[in-house]
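Worksheet: one structure, shown below.
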Amino acid sequence: MKIINALKLIGIVCSLTLATAVYAEKSTAMSVVGDMAVTAIVNTKIALDSTFSHSNFNVKVQDGVVIMSGTVNSRSEIKALIELARSTTGVKSVDVSKLTVQKSNQPMTDFFIEAKVESLFLKERLFGEKNAPPSGVSIEINNGVVYLSGKASDDTQIDHAIMLAKSVTGVTRVVSFIDVPETVQ
Numbered sequence: 122m123k124i125i126n127a128l129k130l131i132g133i134v135c136s137l138t139l140a141t142a143v144y145a146e147k148s149t150a151m152s153v154v155g156d157m158a159v160t161a162i163v164n165t166k167i168a169l170d171s172t173f174s175h176s177n178f179n180v181k182v183q184d185g186v187v188i189m190s191g192t193v194n195s196r197s198e199i200k201a202l203i204e205l206a207r208s209t210t211g212v213k214s215v216d217v218s219k220l221t222v223q224k225s226n227q228p229m230t231d232f233f234i235e236a237k238v239e240s241l242f243l244k245e246r247l248f249g250e251k252n253a254p255p256s257g258v259s260i261e262i263n264n265g266v267v268y269l270s271g272k273a274s275d276d277t278q279i280d281h282a283i284m285l286a287k288s289v290t291g292v293t294r295v296v297s298f299i300d301v302p303e304t305v306q
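According to my numbering, the residues represented by the sequence shown are 122 to 306, in order.
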């Protein structure tokens, strides 16, 4: 009787071990497939967003963690990439520790451009211009490209901020990461 019970116990243990191994293998396979799908979705979102066309970086996903490496043009791009990745179903977190911001070839010119853009924005707010850029807009310049990020109350504020930035001598283009938060009804 003891031998039969021992054999039954061994059979149960073997069955549980086999079931666990099959589940682990299936779980790992599903994780790999899920990571591949998330990678494809994030890469598609990036490819469809023209603001990232001048950057050179890679995206991979491991266990739901989006890992980005390479070079981007501004800290604003990094923030936008994080938001873009986080908005994707299946993403647990985003690691941008391997992203670097491209250094400017004209740091002094960029410094003066930034000062001019900031002073224009401030002037608009001080004199109560109707569509003045909001005070929370972040301005970053790299090689003559102005990167704007933050929140605005409407699209007219965004358009006005872009127009003001473009009016500054030395600005080659303006990339806006300013968005209008959805209103809760």
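All C-beta atoms in this analysis are idealised placements derived from N, C-alpha and C, irrespective of residue type, glycine included. These numbers were taken from a predicted model, which means no experiment stands behind them.
**Item:** Exposed unless 16 or more other CB atoms sit within 10 angstroms - verdict on Phe-242
**Value:** buried
Note to self: My assumption, with CB atoms under 8 Å, is that Ile-260 sits in contact with Val-266. Please give the rounded CB distance.
What the structure shows: The Cβ separation is near 11 Å, so there is no contact.
Helix, strand or coil, according to DSSP, for Thr-277 in the structure here?
helix
Any contact of the segment 151 to 171 with the segment 201 to 216, i.e. 3+ C-beta pairs under 8 Å?
-> yes
key: Whole-Å CB distance - Lys-272 paired with Pro-302, under 8 Å assumed   = 6 Å
Q | Neighbour-count burial assignment, Gln-278, 16 or more Cβ in a 10 Å radius | A | buried
- Task: Quick one: residues in its chain with C-beta nearer than 6 Å to the C-beta of Ala-150, no 5 flanking neighbours on either side, listed in chain order?
- Result: Its pLDDT being 43, under 50, Ala-150 is placed unreliably in this model, and the value from its coordinates should be taken loosely. Excluding sequence neighbours, Ala-150 sits near nothing in its chain.
Subject >> Residues near Asn-252 in its chain [Cβ-Cβ closer than 7 Å; skip 5 each side] >> reply: Thr-277, Gln-278 and His-281
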